[in-house]
Structures are given as C-alpha cells and as structure tokens.
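Residue numbers (this note's numbering): 490 to 730.
Glycine residues also receive a C-beta, built at the ideal position from the N, C-alpha and C atoms.
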Amino acid sequence: MAVRCVYTDLDGTLLGAGASLFRDGDGAFTLLPARALEACHRAGVEVVCMSGRRKAQVMEDARLLGQDSYIYEIGGGVVVGAEEHFLCGEFDPADGRSPHELIEASGAPALLFDAYGDRLAHHSPWHSDRFVSHLYRGTVEPAEANALLERHGHDGLRLVDNGGSHTGGRVYHLIPRETSKAAAVAWHMRARGYAPHECIAVGDSVEDMTVALAVGRFYLVANSDAPAVAANIVRTESGYG
C-alpha cells in the first residue's frame, strides 16, 4: 500500500532513553529515528506525533521534526497548521474553563484519590499545566476505576492506561469519554483526506493500539509489554519504533 501518513507515539516509541531522538532504549547514540524521518520526507509521507504530553511539549517536538500537525494530551487536542480542534465532548472548553478544569470541578479526581489512596498519585511534575487530561501514575486497574466512575455518575469520563512509568507502576490519563488517540487520528485523516489504507501508526501502549481501528496497519514496538489485540497490529522485531 502507498503510505501517505505515519502517526507515531513519542515516549517509548520514536524517542529512546531520556526522551531523546538520538538515543536507543539502552541510551546508545543512534541515527535510525532521524533516518526514518528523512525517508518519510523523501517519500512525501506526513509524520504526525500523537502523545499524552502537554500541548507545548508536543508542539515543540513537531516543530523540531518539521511538521505542522500533532495530537496532544492523548487525543484531547488536534492541531493542523493554524487550526486547532478539541475532542472532549461535554468537557470541551466552555465559559473560559479548560477541559482539565471542568474535570476537576466534576469531583471525579477526588473520587479516585479517595478510593485508591497511595495506589494512585499525580504523575509529577508532568501533571501540571495541562489543558485536558489529569495525569496520574500508580497501580490501578482501569476497568475497575471506570466502573467506580460510572457508579458515581461520572460516565462521561474514563481512566486509560498509557504505558509504564520509569518510576514504576503505570501512567494513567483521566479524560473525557470521547477523547482518544484513535478519535484524534480519525479526525486528522478526515481533515487531510487520507484513507485508512494510506495510513500506519506506531506506538507502545494500550491506548496507542486503539489507533489500529482507524489506520490500515499498526506497529507495536517490541519494548511494549502490551499484547497485540487486533488483526492489523504487527509487533516489531526491535524496540523503539
């Protein structure tokens, strides 16, 4: 198939040790990610970063890669050139308040902290200055947490697993139910006029793999501890994209 776009996660995928483009998973210097980006540029293939990181971080990463489209805060926001679109449903920005502020006001974060105690904590320092998602780390089962949220009337929100943390445990995002990397990728594809068979994606987390629903093929990097869950998901032979 002729590929027109690659959607790639950042941490644990395109970026190696220390979140560096020029380090592999063990910290050794490598040019392979840069060469892959060069190959995409030569072939006229767009590369779109999709990340749980804050907008400012992903914007700078995209700029360094020479791209004007990116997906931030696990799909809460999509930028295409000068256009920005939010995928937060009832938690879209309103009355001067961000989705993050609306989620806080709902009481859902307090409910989770009360229920899980020291099993759940802010993923400091990256939890601050966020616009959409509440970022945590810990040892919580998302299905259990989402059932708890639903029982207490927070069915418009969900807790998702976005991979392992270098400090131990898992990284979680509390986000609107409509928010996902898959929804953001699908929105970008429509904006660009891409067909599913013209797009591939690369990632390492359970949330990343939801993008397989939107694209022709998804590559799960070998360093991921998540099992492949769809027929169009291929595990790579080597780690870090």
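Residue from the options whose Cα sits closest to the Cα of residue i
i	options	result
Leu591	Cys577, Phe602, Leu600	Cys577
His530	Val492, Arg640, Pro614, Gly652	Val492
Tyr496	Gln556, Arg666, Glu549	Gln556
Asp603	His589, Glu579, Pro588, Leu638	Leu638
Asp500	Leu646, His623, Asp697, Glu726	Asp697
Ser669	Ala632, Gly565, Ala634	Gly565
Leu646	Gly652, His655, Gly658, His623	His623
Asp644	Phe580, Arg706, Val569	Phe580
Leu526	Gly516, Phe518, Val537	Val537
Arg666	Ala545, Ile560, Phe518, Pro588	Pro588
Glu633	His611, Ala528, Val649	Val649
Ser558	Pro598, Glu535, Asn651, Phe575	Glu535
Trp615	Gln546, Tyr708, Ala720, Arg724	Gln546
Gly533	Cys494, Arg640, Val568	Cys494
Thr656	Glu573, Glu726, Ala610	Ala610
Glu572	His677, Asp515, Gly606	His677
Gly642	Glu549, Asn651, Phe620, Leu601	Leu601
Gly682	Val569, Gly585, Phe518	Val569
Val660	Arg640, Tyr625, Arg586, Ala636	Tyr625
Ala720	Gly705, Glu726, Ser713	Gly705
Gly653	Ala528, His612, Ala684	His612
Contact belief for residue i with residue j at Cβ below 8 Å, rounded distance in angstroms
i	j	result
His662	Gly541	6 Å
Ile563	Ile664	6 Å
Asp523	Asp513	Before going further, note that residue 523 is Ala rather than Asp in the sequence given. That belief does not hold up - the Cβ atoms of Ala523 and Asp513 are roughly 12 Å apart, past 8 Å.
Asp618	Arg552	Contact doesn't hold; Cβ gap of about 18 Å is too wide.
Met539	Asp498	6 Å
Leu709	Val723	7 Å
Val567	Tyr605	Actually they are not in contact, since the Cβ atoms of Val567 and Tyr605 sit about 31 Å apart, beyond 8 Å.
Check whether residue i and residue j have beta carbons under 7 Å apart
i	j	result
Ala703	Ala675	yes
Gly627	Arg608	yes
Ala711	Gly728	yes
Val695	Ala715	yes
Opening and closing residue of the beta strand (DSSP E) in which residue i lies
i	result
Val534	Premise fails: Val534 is in no beta strand (DSSP E) and is neither H nor E.
Glu572	572–575
For residue i, the three-state DSSP class (helix, strand or coil)
i	result
Val660	strand
Glu633	helix
Ala523	helix
Arg679	helix
Arg586	strand
Arg608	helix
Pro685	helix
Gly564	helix
Arg493	coil
Gly507	helix
Pro716	coil
Pro665	strand
Ser558	strand
Arg552	helix
Leu648	strand
Ala690	strand
Gly514	coil
Gly501	coil
Arg626	strand
Phe620	coil
Gly653	strand
Val704	coil
Val569	strand
Range of the contiguous alpha helix (DSSP H) that encloses residue i
i	result
Val723	Where Val723 is concerned, there is no enclosing alpha helix (DSSP H), although the beta strand (DSSP E) it sits in stretches over 722–724.
Val695	695–698
Short CB-CB distance (under 7 Å) between residue i and chain C
i	result
Pro716	Among the chains of the structure shown, chain C does not appear; only one protein chain is present.
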